[in-house]
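Written below as structure tokens is the structure these notes are about.
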Amino acid sequence: MALAANKVEATEALIAAYPAPEGEGKWSRDARARALETLRQSGAPVRRDEYWKFTNPARLLEPVKSATIMETDEAPVFDGVDKLLVVFVDGVLRADLSDDLTMEGVEIETLATAMSKDIHWVGDVYGVLEANGQKPVPRPFAALNTAVATEGLVIRVTGKATKPIAFRYLRSGLDADVMVHTVIKLEKGADLTLLENGSGAARFNSSLEVEIADGAAFHHVRTQGRDHARLAATHIFARLGKESRFKSFTLTVNGALTRNEAVLEFTGDDAFATISGASAGDGAYHHDDTVFVTHNALNCESRQVFKKVLRNGATGVFQGKILVYAHAQKTDGYQIAQGLMLDEDCTFLAKPELEIYADDVICSHGSTCGAVDEAAIFYLTSRGVPKAVAQDMLVLAFMDQAIEEIEDEALAEEIRTRLGDWMERHRG
Amino acid sequence: MLKIKNLKASLEDEDKQILKGIDLEIGAGEVHAIMGPNGSGKSTLSYVLSGKGGYVVDEGSATLDGADLLDMAPEERAAAGLFLAFQYPVEIPGVGNMTFLRTAVNSQRKARGEDELNAAEFLKLVRIEAKSLKIDAEMLKRPVNVGFSGGEKKRNEILQMAMLAPKMCILDETDSGLDVDAMKLVAEGVNAMRNGKRSFLIITHYQRLLDHIKPDVVHIMANGRIIKSGGPELALEVENNGYADLLNEVA
Ligand SMILES: Nc1ncnc2c1ncn2[C@@H]1O[C@H](COP(=O)(O)OP(=O)(O)OP(=O)(O)O)[C@@H](O)[C@H]1O
Ligand SMILES: [Mg+2]
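Following this line, the structure appears as structure tokens:
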């Protein structure tokens with residue numbers, strides 16, 4: 008179907024807003040051309056598009072506005088973790104602030120190097136998982152990212168990484184509008200934890216493609232920065248081999264607009280994936296989790312666990328789909344999205360979807376939205392717990408079902424602490 | 257200790273008065289019992305005293321050692337020394353029993369300007385109290401009341417009472433749902449806390465608990481009022497004859 012003239016115009020304007028990379032090798036040129044073609048076919052998103060009804064894409068398309076950088080004297084998230092630190096400032100890798108990109112069992116290169124040197128394994132992943140993830144639901148910001156991003160890393164993991172790789176996204180310009188694209192390939196039996204934290208830029212478009220070979224495990228824990236006016240459109244694309252594991256958790260507090268998409272596909276049997284998020288917003292806050300899980304193999308288990316606590320007119324969105332192909336028998340798919348409203352003028356919008364062609368599966372989904380349990384508040388306060396503390400305890404308990412999806416207890420604890428701090432700062 | 261004068265209270269959402277003029281005075285160290293037919297307002301009295309939302313006080317007063325209870329937030333009443341063992345303890349998924357208890361104990365200590373207990377001190381205390389109530393470590397680790405049996409919930413209430421060491425304890429049907437042995441444990445727990453200063457208001461339907469915890473005064477409540485007060489023999493009379501005669505007396 009041909010796009011309407013105004014959509015064509017908007018799409019061309021979007022493409023023109025970002026410089027086209029030059030001097031790259033063959034596969035990157037191909038990947039970028041393919042992505043541009045995809046973007047031109049789907050067009051820049053508009054509110055009428057099926058998966059943009061709950062989130063207005065306008066602010067992701069317009070010229071970026073400046074966003075104040077939050078000054079805090081707190082330690083950065085994951086500061087206490089032994090890690091390989093990679094620092095980006097306004098989306099640009101800063102070798103001077105980062106650790107050496109070397110670790111046993113892991114090969115790390117910058118995306119720019121990979122593209123100019125034509126590192127071949129990267130060509131099998133870069134823009135490939137993203138392209139797979141464009142059907143049946145278009146992901147225009149991911150296509151744009153593939154087409155123009157020049158920052159990011161390519162990481163090949165051949166064994167068990169001795170420590171996590173941690174991306175820290177700092178900001179210096181108030182109105183930076185940046186893209187980062189990272190490609191990770193876990194070879195058979197490999198194991199890696201990726202940590203990410205920070206706002207990244209006034210507008211931050213990040214894309215993460217993860218190929219997980221048989222028996223490999225990928226852990227991902229992310230906290231998106233606390234800058235209030237920042238905008239983010241992020242994508243995670245993962246393909247899971249036989250008996251592999253994928254676990255991703257995101258904490259989002261603050262941020263004017265966040266759209267986090269995750270597209271997972273099981274291609275090997277007996278694999279496991281969980282994608283989870285805890286999000287907390289007060290006031291001008293719009294947070295959207297859009298997830299698509301495809302079961303294309305036998306006996307795989309997927310979990311989607313999303314919790315949102317909202318106050319003061321904040322909005323939470325969840326769009327989650329589980330697609331089970333006919334041959335993907337013994338699939339176990341679980342999906343829960345819950346909103347907790349701390350006052351009456353918040354909005355929680357959920358669109359859970361199941362599309363199942365196999366007959367021997369267990370799939371369940373649930374979505375609820377409610378206020379804090381007054382009976383529980385009374386019980387706690389009647390024991391002397393101050394009301395504000397009681398409410399925090401209940402909110403943290405509510406969020407914990409998402410946080411529990413993190414495997415590493417120390418990382419989970421850090422998330423709890425950060426969330427607890429946010430609760431304390433945002434008492435009504 | 258506790259002085260209630262002509263207390264009248266209604267439901268907030270409906271124009272319905274539940275407490276229709278309660279007068280009750282409990283001295284330091286005394287044990288009072290309240291009995292009365294279902295729906296007579298016993299739990300409502302305990303809720304209004306402890307500050308549950310949904311009720312409005314129309315008239316009257318309630319003071320604890322001279323301090324106006326009705327003017328305080330629930331947590332302030334607790335810090336002032338009031339405790340209610342709930343008829344239906346609330347389940348709180350995701351909040352650990354120990355975390356909850358420690359937060360409660362330390363919040364009260366803080367409110368009273370006392371030093372907070374550290375983890376070790378707290379643990380030591382809990383272990384002692386839990387042991388005498390036959391509450392095992394596994395139960396302490398679980399979320400507050402979640403998956404507890406009826407009797408376990410009631411014992412957990414008494415554990416909280418023992419840890420918080422309040423001066424005025426209200427027990428709302430703590431005996432319901434307890435087996436014979438558990439009832440004895442609970443009664444022993446309560447008796448161990450009697451020290452000549454601490455007062456108790458025990459709401460119950462049965463004489464049995466009062467065999468173990470000897471009340472000084474027994475009140476009969478009906479239709480939002482205390483219609484008769486007397487000694488322990490009043491409980492026996494109810495046990496044997498029900499409420500019909502008593503209700504007729506006042507009619
Ligand atoms: N929140 C409420 N909404 C509606 N009715 C209420 C509410 N709270 C109390 N009532 C009513 O007030 C009356 C007194 O209730 P209450 O629970 O105090 O009785 P009780 O004496 O404790 O009874 P029981 O012996 O069954 O525990 C009942 O008729 C009850 O239905
Ligand atoms: Mg009752």
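Same order as they appear, the protein sequences are chains V and R.
Position in the first sequence counted from 1, then plus 7, gives you this note's numbering.
Position in the second sequence counted from 1, then plus 256, gives you this note's numbering.
For each residue, glycine too, the CB sits at the ideal point set by N, CA and C.
Short CB-CB distance (under 8 Å) between R:E331 and chain V: Counted from its first residue, the second sequence places residue 331 of chain R at position 75. Taking Cβ atoms only, chain V reaches closer than 8 Å to R:E331, which makes this a yes.
Any non-hydrogen atom of ligand 4 closer than 7 Å to R:S299 Cβ: No copy of ligand 4 occurs in the structure displayed; its ligands are ligand 1 and ligand 2 alone.
Chain R contacts from the segment 377-400 of chain V (Cβ-Cβ distance under 9 Å): Within the segment 377-400 of chain V, the residues whose Cβ lies closer than 9 Å to some Cβ of chain R are D380, E381, A382, A383, I384, F385, Y386, L387, T388, S389, R390, G391, V392, P393, K394, V396, A397 and M400, listed in chain order.
Neighbouring residues, chain V, relative to R:K308 (Cβ below 8 Å): Here the question's residue 308 of chain R lines up with position 52 in the second sequence. Within chain V, the residues near R:K308 are F385 and S389.
Interface partners of R:S296 on chain V, CB under 7 Å: Reading the second sequence from its first residue, position 40 is the one you call residue 296 of chain R. Correct list: empty, because the minimum Cβ distance to chain V is about 22 Å.
Coil, strand or helix - R:I469 by DSSP: The residue given as residue 469 of chain R occupies position 213 in the second sequence. DSSP places R:I469 in coil when its eight states are reduced to three.
Given 8 Å, three or more beta-carbon pairs between the segment 366-377 of chain V and the segment 298-306 of chain R: no
Cross-chain neighbours of R:A360 in chain V, by beta carbon under 8 Å: On the second sequence, residue 360 of chain R is found 104 positions in, with the first residue counted as 1. In chain order: L387, R390, G391 and V392.
Cβ-heavy atom distance, R:Q343 to ligand 1, below 7 Å: One-based indexing of the second sequence puts residue 343 of chain R at position 87. Yes, the beta carbon of R:Q343 sits closer than 7 Å to at least one heavy atom of ligand 1.
Bridge partner(s) assigned by DSSP for V:G377: Taking the first residue of the first sequence as position 1, residue 377 of chain V is located at position 370. Answer by DSSP bridge pairing, in chain order: V:L347.
Residue from R:Y344, R:L267, R:G350 and R:I282 whose Cα sits closest to the Cα of V:A382: Within the first sequence, numbered from 1, the residue matching residue 382 of chain V stands at position 375. Minimum Cα distance to V:A382 is reached at R:Y344.
Cβ-Cβ distance between V:R233 and V:M77 below 8 Å: As a position in the first sequence, residue 233 of chain V is number 226, starting the count at 1. As a position in the first sequence, residue 77 of chain V is number 70, starting the count at 1. In this structure, V:M77 lies closer than 8 Å to V:R233 by Cβ.
Proximal residues, the segment 401-416 of chain V versus chain R, C-beta separation under 8 Å: L401, L403, A404, F405, D407 and Q408
Span of the beta strand (DSSP E), counted from its first residue to its last, around V:A287: In the first sequence, the residue the question calls residue 287 of chain V occupies position 280. Looking at the DSSP string, the run of the beta strand (DSSP E) that includes V:A287 is F279 to D289.
For V:R55 and V:L151, the rounded distance between their alpha carbons: Translated into the one-based positions of the first sequence, residue 151 of chain V becomes position 144. Translated into the one-based positions of the first sequence, residue 55 of chain V becomes position 48. Straight across, the Cα-Cα distance linking V:L151 with V:R55 is about 20 Å.
Chain-ordered neighbours of R:V346 on chain V, where CB pairs are closer than 9 Å: If you number the second sequence from 1, residue 346 of chain R lands on position 90. The contacting residues are D380, A382, A383, F385, Y386 and L387.
Buried or exposed by the 16-neighbour rule on C-beta atoms within 10 Å, applied to R:H374: Residue mapping note: residue 374 of chain R aligns to position 118 of the second sequence, counting from 1. According to the sequence displayed, residue 374 of chain R carries Asn and not His. An exposed status is given to R:N374, since fewer than 16 other beta-carbon atoms sit within 10 Å of its beta-carbon.
Residues sharing a beta bridge with R:G486, DSSP: Along the second sequence, one-based indexing puts residue 486 of chain R at 230. Bridge partners of R:G486: R:V474.
Contact test: R:D431 Cβ vs ligand 2 heavy atom, cutoff 7 Å: Locating residue 431 of chain R in the second sequence gives position 175, counting from the first residue. The answer is no for R:D431.
6 Å CB neighbourhood of V:S213 in its chain, flanking five on each side removed: On the first sequence, position 206 is the one that residue 213 of chain V refers to. Excluding sequence neighbours, V:S213 sits near V187 and T241.
Nearest candidate by alpha-carbon position, reference V:F61, set V:G323, V:K249, V:T109 and V:Y364: Position 54 of the first sequence, counting from 1, holds the residue named residue 61 of chain V. With distances taken between Cα atoms, V:F61 lies closest to V:G323.
Per DSSP, cross-strand counterpart(s) of V:L433: Walking along the first sequence from the start, residue 433 of chain V turns up at place 426. In the sequence on display, residue 433 of chain V carries His and not Leu. Its beta-bridge partners do not exist; DSSP assigns none.
Cβ shell of V:A344 (< 7 Å), same chain only, five flanking positions each side left out: If you number the first sequence from 1, residue 344 of chain V lands on position 337. So the qualifying residues of the chain are F313, F325, G327, A357, P359 and S374.
Contact test: R:G307 Cβ vs ligand 1 heavy atom, cutoff 7 Å: Position 51 of the second sequence, counting from 1, holds the residue named residue 307 of chain R. Because no heavy atom of ligand 1 lies under 7 Å away, the Cβ of R:G307 does not count as near it: no.
Buried or exposed by the 16-neighbour rule on C-beta atoms within 10 Å, applied to V:L426: Reading the first sequence from its first residue, position 419 is the one you call residue 426 of chain V. V:L426 is buried by the Cβ-count criterion.
First and last residue of the uninterrupted alpha helix (DSSP H) at V:S309: As a working mapping, residue 309 of chain V is identified with position 302 in the first sequence. Where V:S309 is concerned, there is no enclosing alpha helix (DSSP H), although the beta strand (DSSP E) it sits in stretches over E308 to R318.
In chain order, each beta strand (DSSP E) run of at least 3 residues that lies wholly inside the segment 217-263 of chain V: Runs of the beta strand (DSSP E) inside the segment 217-263 of chain V: 224-231, 238-247 and 252-260.
Burial state of V:Y364, where buried means 16 or more other Cβ atoms lie within 10 Å: To locate residue 364 of chain V, count along the first sequence from 1; it is residue 357. So V:Y364 ends up on the exposed side.
Contact with chain V by R:V351, beta-carbon distance below 8 Å: The residue given as residue 351 of chain R occupies position 95 in the second sequence. It does: the Cβ of R:V351 has a partner Cβ on chain V nearer than 8 Å.
Length of the line joining the Cα atoms of R:G337 and V:V228: The count along the second sequence starts at 1 and reaches residue 337 of chain R at position 81. The count along the first sequence starts at 1 and reaches residue 228 of chain V at position 221. Cα-Cα distance, rounded: 45 Å.
R:L267 CB to nearest heavy atom of ligand 1 below 7 Å: In the second sequence, the residue the question calls residue 267 of chain R occupies position 11. Relative to ligand 1, the beta carbon of R:L267 is positioned inside 7 Å of a heavy atom.
Among R:A421, R:P399, R:L465 and R:N479, the one whose alpha carbon lies nearest that of R:E437: As a working note, residue 437 of chain R is residue 181 in the second sequence. The displayed chain sequence assigns Asp, not Glu, to residue 437 of chain R. For the residues R:A421, R:P399, R:L465 and R:N479, the minimum Cα distance to R:D437 belongs to R:L465.
Segments of 4+ residues assigned as alpha helix (DSSP H) that fall wholly inside the segment 338-424 of chain R: 353-367, 375-388, 393-397 and 406-420
Candidates V:R434, V:R390, V:S255 and V:I422, of which the one nearest R:T355 by Cα: On the second sequence, residue 355 of chain R is found 99 positions in, with the first residue counted as 1. Nearest C-alpha to R:T355: V:R390.
beta-carbon R:N479 near ligand 1 non-hydrogen atom, thresh 7 Å: Here residue 479 of chain R is taken as the residue at index 223 of the second sequence, counted from 1. Incorrect: R:N479 has no Cβ contact closer than 7 Å to ligand 1.
Contact under 8 Å by Cβ, V:D97 with V:G180: Within the first sequence, the letter at position 90 stands for residue 97 of chain V. Within the first sequence, the letter at position 173 stands for residue 180 of chain V. In contact: V:D97 and V:G180 (Cβ atoms closer than 8 Å).
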